[in-house]
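For the sequence shown, the numbering used here begins at 651 and goes up steadily by one. In this text, a Cβ means the ideal position worked out from N, Cα and C, and glycines have one as well. Every value quoted in this text rests on a predicted model; they were computed, and no experiment measured them. Below is one structure, written out as structure tokens; comments come after it.
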Amino acid sequence: MHSDLLITPLMFELRRLRMPLVRPFRTSFGTESVREVMVIRVVTDQGEGWGESSIESEPLYLSEFHNAADYVFVEHLIPRLFAAAPFHVHDVAAILAPVKGHRMAKAALEMALLDAQLHAEGRSFQRYLGATRTAVAVGVSVGITETIDELVHVVSDYVAEGYSRVKLKIEPGFDIEPVRRVREANPDLMLQVDANTAYNISDIDHLARLDPFNLLLIEQPFGEDDLVGHAELRRRVSTPICLDEAIGSIDHVRSAIALNAVDIVNIKPARVGGYRAAVAIHDLCVDAGIPVWCGGMLETGIGRAANLALASLPGFTLPGDISATKRYWHRDITASFDLANGQITVPTGNGFGVAVDTDFVDEITFERREVTQQD
Ligand code: OSB
Ligand code: MG
């Protein structure tokens, strides 16, 4: 997966886009109807690349948010890349490591540079990863609804579209009954739930009431720092425990395994600081016998393309949150991805394999900033 290509970035263009979601997405931490997305175009001596940051506009999922990221990109991360040039893209994480945290921002920069590298080399991200599956099974993440009837309806529409795995967002007051009703209507569906940290250790008996519904997993019920709490929950419920927010690095995975706090890992490249870190976590989990799946952050076609290639690695044995384009956007900034037999085809073009519709990107950009070397 290494490359000998040395690369010198000349300019980073940071854009913030406003994209209306097809339907509002409600989680335990908020409701989103119009998503603000940050994309990065890098111009290098080897050509251009595009990356997507999964950072949200408010610090409600994790601590990173757009206005802070903007500052970190300009004042801390991008200057380090200029100072280190020329470099190998596989060293980007090491170059940025002195800056603590800000993993999603680092991931976006690595992504744009990797796309540039792969275009220069004439190879696809999937080939770079050494992955071979031509299509991957995918699921859909369903937000909290006003009523349970509405939820049952929404789920049955997705099942009719061909999704074979559904994830329900839950929170206190919207958990046992919604799951019971969706399970009754779909006895054989692969079903899982995601709490986005909405519970704590005093809720263990309550969460045990999910055990009869044969869920694939419960994702991140407790706080992002509470590995010990998840270990206690894991001893007292039969539903497998999956971690999302708690996993920011491979060290967190090692700690979670050592504490018996995890059965399954949700891998989001952005959350762990990039695709190379994501692959390292995948490899560790394969060795440890921990199934992984690729999480999603309501990506545009750029992030979706990259996630499809990642999810085609052999350890991704559970369907990811990588749904068809029309589940998210009326119009995307790349060509759309469609569902066929519950699967999406992995892109094989150079780089991430998607062409960005720059005219449309211009139309929906509400903030744009260029960063060049200042000397
Ligand atoms: O917790 O997995 C999550 C979206 C934004 C932030 C956090 C999460 C999500 C999702 C969406 O569940 C999954 C998708 O992109 O389809
Ligand atoms: Mg999650």
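With a contact defined as Cβ atoms closer than 8 Å, residue 879 and residue 897 miss out at about 15 Å. Residue 942 sits buried, since 16 or more C-beta atoms from the chains shown fall within 10 Å of its C-beta. The C-beta distance from residue 661 to residue 1020 rounds to 6 Å, short enough to fall under 8 Å. Ligand 1 has a heavy atom closer than 7 Å to the beta-carbon of residue 791. CA-CA distance, residue 763 to residue 727, rounds to 13 Å. In this structure, residue 1002 lies away from residue 961, with their beta-carbon atoms at least 8 Å apart.
Between the stretch 842-849 and the stretch 857-877, the count of Cβ pairs shorter than 8 Å is three or higher; the stretches touch. With a cut-off of 7 Å, the C-beta of residue 1000 is classified as distant from ligand 2, since no heavy atom of the ligand falls inside that distance.
The straight-line gap separating the alpha-carbon atoms of residue 995 and residue 981 is approximately 19 Å. Counting the other Cβ atoms within 10 Å of the Cβ of residue 694 gives 16 or more, which makes it buried. Counted as a single uninterrupted DSSP element, the stretch harbouring residue 897 is not any alpha helix (DSSP H), since DSSP gives it neither H nor E. When only Cα atoms are considered, residue 888 and residue 861 end up about 6 Å apart. Counting C-beta pairs closer than 8 Å gives fewer than three between the stretch 665-677 and the stretch 737-744, which falls short of the contact rule. The DSSP assignment places 891-893, 914-917 and 942-944 as complete runs of the beta strand (DSSP E) inside the stretch 890-954, in order along the chain (cut-off: 3 residues). Residue pairing of residue 697 in beta bridges, as defined by DSSP: 694. Residue side-chain check: residue 811 keeps its Cβ at 7 Å or more from all non-hydrogen atoms of ligand 1.
Residue 940 and residue 813 have their C-alpha atoms some 24 Å from each other. By the C-beta criterion, the stretch 780-788 is judged to be in contact with the stretch 968-978, since at least 3 inter-stretch pairs fall below 8 Å.
Sequence-distant partners of residue 847 (beyond 5 residues in either direction) whose C-beta falls short of 7 Å from its own C-beta, in its chain, are 870, 872, 873, 874 and 895.
Runs of the alpha helix (DSSP H) lying entirely within the stretch 747-826 and spanning at least 4 residues, in chain order: 753-771, 775-779 and 798-811. Using a cutoff of 7 Å, the CB of residue 1009 does not count as near ligand 1, since none of the ligand's heavy atoms is closer than that. Residue burial annotation: residue 656 is exposed, with fewer than 16 other C-beta atoms found within 10 angstroms of its C-beta. Excluding its 5 nearest sequence neighbours in each direction, residue 918 has C-beta neighbours in its own chain below 8 Å: 704, 894, 928, 944, 945, 946 and 947, listed in chain order. As a beta-bridge residue in DSSP terms, residue 1022 pairs with 661. For the set 691, 698, 677 and 669, the Cα lying nearest the Cα of residue 685 is the one of 669. Using a Cβ distance threshold of 8 Å, residue 855 and residue 891 do not count as a contacting pair. At a threshold of 7 Å, residue 894 counts as near ligand 1, since its beta carbon sits closer than that to one of the ligand's heavy atoms. Annotated as distal: residue 809 and residue 818, with beta-carbon spacing of 8 Å or more.
Spanning the alpha carbons of residue 822 and residue 987 requires a straight line of approximately 34 Å. If you look at residue 841, you'll find it in the beta strand (DSSP E) that goes 840-844. Of the candidates 901, 932 and 905, 932 places its Cα closest to the Cα of residue 916. Judged by DSSP in its simplified three-state form, residue 990 adopts strand. For residue 711, the distance from the CB to the nearest heavy atom of ligand 1 is below 7 Å. Exclusion of the five residues before and after residue 831 leaves 798 and 802 as the residues of its chain whose Cβ lies within less than 6 Å of its Cβ. Annotated three-state conformation of residue 670 is strand, per DSSP. In this structure, residue 900 lies near residue 934, with their beta-carbon atoms less than 8 Å apart.
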